[in-house]
Amino acid sequence: MGNSLDKEQRKVDVADIVHDLTYSDAELKFINRTFVDEMNKGWELGKGLGATNDQSSLKMITSHINILPRGDESGVFFAVDLGGTNLRVLRVTLAEGTPTVREFREAIPSSVISSGASAEDLFDFIATACSNLTTDIPTDWAPIPLGFTFSFAVTQTSIKSGRLLEWTKGFATQGCIGEDPADLLQQALTRMSLPLVVDALCNDTVGTLMANAYQKKSKDCRIGVILGTGTNAAYSDPLLDDLIINIEWGGFDKFQRRTEFDIACDEASHNPGRQVLEKMVSGLYLGELARLATVRALSSKGAMVPSSLLEESSVETADISNLLAGDEKKVAKSALADLDSETLEIMKHISEAVLDRSAAVSAAVLAGVVEKATEGQKNKRCEVGIDGSLFTKGHQYKERLMRHLRKFYPTEEIVLDFSEDGSGMGAALVAAAISRGRQVSNQ
Ligand code: GLC
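Residue 245 in numbering that gives the first Met the number 0 is what sits at position 246 of the sequence shown, and the numbering runs on without skipping anything.
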């Protein structure tokens, strides 16, 4: 990687950059072994409350949940899903069979997540969104249970309360770290006199696991993964009475090497030095990595760098995916519109490497999670519920993930399910299970 003087002098061509952005099988194996090690340390030393960084780069937080939906849940429930680019509110009616869902979705304005915003700004925004789905609720109804999918690192003190450890994914609202997000939401709902009571708090990965288990009605659904704006996974641990643990895998940082683009992207972020894996894998960063690497390739050969590539974060992950898919119409409407064919060709090679590395790293760590989720079990069959825009829209992402996963599990049956709307539905299912008085874990 060298210092900046080296960088200026060292001429690199596209092949060098692609090579740098590609992890060998040995490097992936190292990631996989170290990841399992970090999982063990994170759980043992952090005791489920969220390991500190000197204990492990994986927080391993207990969700307090060790039940899966049974399929007989019924009633009306709300779910709020906060943690990506959109806020979603769901009103879910569960009756035996298919759930009916009404949804309100809104892009989250930067005014409520920037460092100038207060907790009240953010949570009033959420409560206002909820009010869109409560207008026809009769006033004599008992408050409706709400499951809150809050997709950040929260140490959970119970199934319905916790404390935000740190913001990720560019969120920076003041007055939230150290606070209970469920309580902040309840206060905002109460301020607006909405008939909703926050009954469950869960991470999106836990929600995805629950929703997939509900849909597939299978006990083999032991893992939930998000590959979207951010990335993370939760799994049910057979050695801990099936307790579901939120790994916070985006924090993994035991890499043998990173490229200069990873380092630049990290340094420019809201949380330098944190979420190292997330910044190599997730949708918020892949476009930027491809942009940085393309700029490097162009400037190294003395070519002019087009102005559209000079602006930080001008390229989105969707753009590089469209480029790889050969979707000219979408490319023509993006930041890549004005690039000449030679530049596009360079960017295509680089984007392929960036996207494939994302899937390779995800596979290496997912293989570690599969190992833990089936530990001591005879049945190694495993169904992984996955949600998130990178998984659904990243060019051939599922195929890539499976191809790399086969390096670790060549023959075992591992199923990658798209758990549609998993993160929101899952919270409603947790709220439903609790309202039926089903026991949850005290771990
Ligand atoms: C970030 C959050 C994590 C969440 C993931 C996916 O990594 O810290 O809690 O699950 O994004 O949304």
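Cβ atoms here follow ideal geometry from the backbone N, Cα and C, with glycine treated the same way.
Test item: CB-CB of residue i and residue j under 7 Å
| i | j | result |
| --- | --- | --- |
| Ile160 | Asp135 | In the sequence on display, residue 160 carries Ser and not Ile. No, they are not a contact pair. |
| Phe254 | Leu291 | no |
| Val100 | Val88 | no |
| Gly367 | Val35 | yes |
| Leu323 | His269 | no |
| Asn85 | Arg104 | yes |
| Ile244 | Thr293 | no |
| Glu382 | Asp219 | yes |
| Ser281 | Asp203 | no |
| Asp355 | Leu335 | no |
| Gln262 | Ala296 | This sequence places Ile at residue 262; Gln is not what is there. No, the pair does not count as a contact, with Cβ atoms beyond the cut-off. |
| Gly325 | Leu208 | no |
| Phe122 | Ala187 | yes |
| Ser117 | Gln54 | no |
| Ala352 | Thr21 | yes |
| Ser299 | Val11 | yes |
| Pro305 | Leu338 | yes |
| Gly177 | Arg190 | no |
| Leu415 | Lys397 | yes |
Neighbourhood of residue i by C-beta, 6 Å cutoff - its chain only, sequence neighbours within 5 removed
| i | result |
| --- | --- |
| Glu287 | Cys264, Ser312 |
| Phe170 | Ile112 |
| Lys278 | Cys264, Asp265, Tyr284 |
| Pro98 | Val91 |
| Asn461 | Nothing about residue 461 can be read from this structure; the chain reaches only from 0 to 442. |
| Ala14 | none |
| Leu309 | none |
| Leu17 | In the sequence as presented, Leu is not what sits at residue 17; that position holds Val. Excluding positions up to five away in sequence, the list reads His348, Ala352. |
Residues near residue i in its chain [Cβ-Cβ closer than 8 Å; skip 5 each side]
| i | result |
| --- | --- |
| Phe147 | Ala78, Val79, Leu81, Pro180, Ala181, Leu184, Val197, Ala199, Leu200, Cys201, Ala426 |
| Thr167 | Phe151, Ala152, Gly229, Gly249, Asn270, Arg273, Gln274, Glu277 |
| Met0 | Confidence at Met0 is low in this model, with a pLDDT of 41, below 50, so the placement of that residue is unreliable and no value is reported for it. |
| Pro142 | Pro194, Leu195, Val196 |
| Glu374 | Asp236, Pro237, Leu238 |
| Val360 | Tyr22, Leu27, Ile30, Leu276, Met279, Val280 |
| Leu4 | Low confidence applies to Leu4: its pLDDT is 41, below 50, so where it sits in the model is not reliable, and the reading given next is rough at best. So no residue of the chain qualifies. |
| Ser110 | Ala116, Asp120 |
Reference residue i; option with closest CA among the options
| i | options | result |
| --- | --- | --- |
| Pro239 | Trp140, Leu285, Glu43, Ser434 | The sequence shown places Leu at residue 239, rather than the Pro named in the question. Ranking Trp140, Leu285, Glu43, Ser434 by Cα distance to Leu239 puts Glu43 first. |
| Thr154 | Val383, Ala50, Val429 | Ala50 |
| Leu164 | Ser307, Leu338, Gln274 | Gln274 |
| Lys47 | Gly227, Asn211, Ile64, Ala126 | Note that residue 47 is Gly in the sequence shown, not Lys. Answer by Cα proximity: Ile64. |
| Asp24 | Ser388, Lys406, Arg295 | Lys406 |
| Leu145 | Thr156, Asp120, Leu132, Trp166 | Leu132 |
| Ile30 | Met303, Ala302, Leu276, Gly45 | Leu276 |
| Gly206 | Ala233, Thr316, Asp318 | Ala233 |
| Ala302 | Glu341, Glu310, Gly41 | Glu341 |
| Arg519 | Glu26, Glu102, Lys371, Leu188 | Because the chain is modelled from 0 through 442, residue 519 falls outside the range shown and cannot be assessed. |
| Arg221 | Gly421, Ser62, Val369, Ala14 | Val369 |
| Thr444 | Val304, Leu338, Leu365, Val353 | No answer is possible for residue 444: it lies beyond the span of the chain, which begins at 0 and ends at 442. |
| Asp71 | Asn52, Ile60, Glu95 | Glu95 |
| Lys332 | Val353, Lys347, Ser307 | Ser307 |
| Leu389 | Ile60, Ile413, Thr316, Leu193 | Thr316 |
| Gly115 | Thr61, Cys175, Thr127, Pro142 | Cys175 |
| Phe417 | Lys377, Lys215, Thr127 | Lys215 |
| Glu411 | Gly421, Asn378, Gly423, Ser110 | Asn378 |
| Asp519 | Glu37, Ala267, Val17, Gln376 | Because the chain is modelled from 0 through 442, residue 519 falls outside the range shown and cannot be assessed. |
| Glu37 | Ile246, Glu327, His403, Arg402 | Ile246 |
| Phe76 | Pro409, Ser157, Trp140, Glu327 | Trp140 |
Cβ distance (whole Å) where residue i is taken to contact residue j below 8 Å
| i | j | result |
| --- | --- | --- |
| Asp236 | Ser56 | The Cβ separation is near 19 Å, so there is no contact. |
| Leu195 | Cys129 | 6 Å |
| Ala444 | Leu400 | In the structure displayed, the chain extends from 0 to 442; residue 444 sits before or after that span and is not available. |
| Thr228 | Gly83 | 4 Å |
| Ala152 | Lys58 | 6 Å |
| Gly45 | Gly223 | In fact, because the Cβ distance is near 20 Å, the residues do not count as touching under 8 Å. |
Own chain partners of residue i with C-beta closer than 7 Å, once the 5 adjacent residues on each side are dropped
| i | result |
| --- | --- |
| Gly74 | Leu93, Ala431, Ser434 |
| Asn39 | none |
| Pro108 | none |
| Gly387 | Ile225, Leu226, Gly227 |
| Ile125 | Val79, Leu81, Leu86, Leu184, Ala187 |
| Leu428 | Pro68, Glu72, Met209, Ala210, Tyr213 |
| Ala289 | Val314, Ile319, Met346, Ile349, Ser350, Val353 |
| Gly423 | Ala78, Asp80, Arg87, Leu89, Thr148, Gly206 |
| Thr61 | Gly47, Gln155, Leu242, Ile244, Gln442 |
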